[in-house]
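Comments concern the structure below.
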Amino acid sequence: MSEALLDVARTRDEAFRCTFIEGDAATVEFARRFDALYSRCGAMFFAQPAAAFGHLRAAMRPGAELAIVCWRELAENEWARKPLEIAAPLMGDGAALLTSPTGPGPFAWAD
């Protein structure tokens, strides 16, 4: 996420009345506890997943729900695989970082 993207989300938030916060999932401070946590293709980028989920769980109310969306392995995501195949010779080690199954990265939770 970026502050610029969050600014766009804030201007479009009339229907949902959400609060958008930029911060590290392992350390960000919250003003209140939450009833639900939803991550759409974000949790697999956590640098320290155990610390992040421990921190986020502490910010949730008892009985709160968790839902996470993540991508399957690179072979099952042609939209990402094809551009990486083309760009890999120019990216050097950077291509391997993007495709690592152990993350953090887009395919860290492919299994």
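Numbers in my numbering are just positions in the sequence shown, counted from 1, shifted up by 2. Don't be surprised by glycine CBs; every beta carbon is placed ideally from N, CA and C. On a predicted model such as this, the values are computed, not experimentally measured, just so you know.
* Asked: Tell me the DSSP bridge mates of Ile70?
  -> On the sequence shown, position 68 is the one that residue 70 refers to. Looking at the DSSP output, Ile70 sits in a beta bridge with Ser41.
* First through last residue of the alpha helix (DSSP H) which encompasses Ile88 -> Mapped onto the sequence shown, residue 88 falls at position 86. Element bounds for Ile88: Glu80 to Met93.
* With contact counted as at least three CB pairs below 8 Å, one residue from each stretch, are the region 88 to 108 and the region 26 to 33 in contact? -> Counting C-beta pairs with one atom in each stretch, the region 88 to 108 and the region 26 to 33 have fewer than three that are closer than 8 Å, which means they do not touch.
* Relative to the alpha-carbon of Ile70, which residue among Thr104, Ala33 and Phe55 has its alpha-carbon at the smallest distance? -> Position 68 of the sequence shown holds residue 70. Measuring from the Cα of Ile70, the nearest candidate turns out to be Phe55.
* Is Phe18 buried or exposed, if buried means 16 or more other CB atoms sit within 10 Å of its CB? -> For this step, residue 18 is matched to residue 16 along the sequence shown. It counts as exposed.
* Which two residues bound the contiguous alpha helix (DSSP H) that contains Leu58? -> To locate residue 58, count along the sequence shown from 1; it is residue 56. First-last of the alpha helix (DSSP H) with Leu58: Pro51 to Ala60.
* Asked: Quick one: what does DSSP say Gly107 is sitting in, helix, strand or coil?
  -> Within the sequence shown, residue 107 is the residue found at index 105, counting from 1. DSSP places Gly107 in coil when its eight states are reduced to three.
* Asked: Since Gly21 is in the alpha helix (DSSP H), which residue starts that stretch and which ends it?
  -> For this step, residue 21 is matched to residue 19 along the sequence shown. Checking the sequence shown, residue 21 turns out to be Thr, not Gly. Taken as a continuous stretch (DSSP letters only), Thr21 belongs to no alpha helix (DSSP H), as it is neither H nor E.
* **For Phe48, the residue or residues it bridges with in DSSP** => For the purposes of this step, residue 48 is taken as the residue at position 46 of the sequence shown. Note: Phe48 sits in no beta bridge, so no partner.
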